[in-house]
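Per the numbering used here, the very first residue in the sequence shown carries number 1; after that it's consecutive.
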Amino acid sequence: MLPDVMRLFWEKGYDKVSMEEIVQVSGLNRYAIYQNWGGKADLYAMSLRLYSEMFADTALAPLANGTGGLEDIQSAFDASLTLFDTADALRGCMACRALIEPVRNIPTIRAQVESHFAALKALFKKALGRAYASGEIAGDADIDALADYLVGIVQGAQLFGLRGVDSAAVDGYFRRAIVALQH
């Protein structure tokens with residue numbers, strides 16, 4: 001049920017999804033939805049959490065499970081590219097899109113968005129730390145700033161997907177980021 005609701009929110013955005021559509025997609029009646037999951041905003045926050053878990057299990061798996069530095073970052077970029085050629089790429093990043101939704105300042109939603117970006121940054125920091133330890137990046141590198149940079153690279157690439165930019169262009173974008181880290 002929740003994966004279908006997540007995809008509905010991801011595709012259309014919070015404002016353009018009606019409770020009737022949620023009822024149709026979930027197969028539940030309004031009463032059951034409100035009793036078990038709260039209102040529309042609660043479902044949206046849960047959908048964001050599910051999106052983050054899905055993103056972590058796919059594109060971020062090389063960072064979470066890796067033992068290398070720049071190689072793991074490149075593998076995460078490559079995993080992102082495999083997602084890029086799916087229909088989901090045309091939706092962009094749900095967490096990014098949540099930042100422009102009218103519910104962005106609801107504490108549970110804001111917390112979920114911040115959690116998504118914090119987890120992404122933490123995984124990049126771990127890989128960058130391994131790259132630093134192995135001498136793949138400069139000894140005076142600011143790991144925290146570089147992790148923020150990589151989060152921006154990933155989010156920018158997902159916005160390219162929303163624009164319909166092809167994966168070859170995004171692959172070049174990712175590869176230039178790796179080269180930039182080496183100097």
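Every residue gets a Cβ at the ideal spot worked out from N, C-alpha and C, and that includes glycine.
Item	Value
Within 8 Å, strictly: CB atoms of S167 and L81	yes
Q24, DSSP secondary structure in three states	helix
Completely contained alpha helix (DSSP H) runs for the stretch 53-138, where each covers 4 or more residues	61-65, 70-84, 94-98 and 107-133
Contact belief for L60 with A98 at Cβ below 8 Å, rounded distance in angstroms	The pair is not a contact, with the Cβ atoms about 18 Å apart (cut-off 8 Å).
Residue range of the alpha helix (DSSP H) that includes K12	L2 to K12
Option nearest D144 by Cα separation, candidates A127, R7, F84 and L28	A127
Among F160, D142 and R7, the one whose alpha carbon lies nearest that of M229	The structure shown has nothing for residue 229, since the chain only spans 1 to 183.
Given 8 Å, three or more beta-carbon pairs between the stretch 72-79 and the stretch 159-178	yes
Extent of the continuous alpha helix (DSSP H) to which N29 belongs	Counting along the chain, N29 falls outside any alpha helix (DSSP H), and DSSP gives it neither H nor E.
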